[in-house]
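Heads up, the thing below is written out as structure tokens.
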């Protein structure tokens, strides 16, 4: 990943979350991903806590997700055995802070909501439903 793309991704994350992103680097060399070598930057991440976390969740649930075209609900398959939830967002422009004319291409995001060590999948589902996550009715 070239530095221009990494800088663009950091800018996107700063605008969406209000916090500077950390660059993640490849742990292994992977030939199938072009020239990805161990130690090369391959993305960015942000860890949100307290008010920034709640602000982001509010924006995700009430503003961004409703802008997804043909949205039918979030999958319940995104939970791991510890009750943490991961969802993928294919288009970063669903967030209101993003000016679509200033970015080279549409980027995708992964959002992981981590619960405490004593959490279960059932408790996590109940909590996320309570705060308004629109899960699919399978």
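In this note's numbering, the protein residues as written are 3 to 140.
Idealized CB from N, CA, C, for every residue including glycine.
Fair warning: this is a prediction, and the values are worked out from it, not measured in the lab.
Using only CA atoms, which one of the options lies nearest to residue i?
i	options	result
residue 39	28, 101, 47 and 49	28
residue 46	22, 139 and 75	22
residue 139	26, 73, 122 and 54	73
Buried or exposed: residue i, going by 16 or more other Cβ atoms within 10 Å of its Cβ?
i	result
residue 218	There is simply no residue 218 to check, as the chain begins at 3 and stops at 140 in what is shown.
residue 109	buried
residue 120	exposed
residue 37	exposed
Suppose contacts are defined by Cβ-Cβ distances below 7 Å. Is residue i in contact with residue j by that definition?
i	j	result
residue 58	residue 19	yes
residue 111	residue 91	yes
residue 75	residue 136	yes
So, do the stretch 125-138 and the stretch 67-85 have three or more beta carbon pairs nearer to each other than 8 Å?
yes
Does the pairing of the stretch 90-99 with the stretch 59-77 give three or more beta-carbon distances under 8 Å?
yes
Mind listing, in chain order, the continuous alpha helix (DSSP H) runs of no fewer than 4 residues lying wholly within the stretch 22-67?
52-61
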